[in-house]
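In what follows, a structure is listed as structure tokens, so that the remarks can point back to it.
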Amino acid sequence: MAIQKILVVDDSPTERYFLTDVLVKNGFSVSTAENGEEALLKIKADKPQLILMDVVMPGQNGFQITRAIAKDPDTQDIPVIICTSKNQETDRIWGLRQGARDYLVKPIDPQELLTKIAALG
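Numbering-wise, full-length UniProt numbering puts 61 at position 61 of the sequence shown, and it's gapless, one number per residue.
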């Protein structure tokens, strides 16, 4: 099933705007959350088909939220792509171990993002 509904989770308004703009221009329906706690509420309420997750946020970080999504039977089927400025190989490996399907380093390349979304769909 092709992915249509995407949740963007990032505490940066600029980053949320940038990702939303790229996705909407490519036909996706996008909702946003400013932190992990808000993301979990929106996931339960709105069941996105994909989550783009920042790591460094107030409250729980993106790794913790990704792990919570992966462990919950109601949400474990929703793929998570981590989108972060953390560019160490150890961060990438840790993110994938938490349950993320993919890992992108900021600044996000729109074409790379769209390719990864297409590969999931």
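For each residue, glycine too, the CB sits at the ideal point set by N, CA and C.
In the displayed model, residue 47 falls within coil according to three-state DSSP, outside both helix and strand.
Cα atoms of residue 120 and residue 37: separation of roughly 25 Å, rounded to the nearest angstrom. For residue 91, the three-state secondary structure derived from DSSP is helix. For residue 69, the enclosing alpha helix (DSSP H) covers residues 62-71. Counting along the chain, the unbroken alpha helix (DSSP H) around residue 25 starts and ends at 13-25. By the C-beta criterion, the region 82-102 is judged to be in contact with the region 50-57, since at least 3 inter-stretch pairs fall below 8 Å. The C-beta of residue 59 has fewer than 16 other C-beta atoms within 10 Å across all chains shown, which makes the residue exposed.
Within 10 angstroms of the beta-carbon of residue 112 lie fewer than 16 other beta-carbons, which makes it exposed. Shown here, residue 33 sits in a strand according to DSSP, grouped into three states. Residue pairing by DSSP leaves residue 78 without any beta bridge partner.
40 is the residue among 98, 33, 40 whose C-alpha sits nearest the C-alpha of residue 75.
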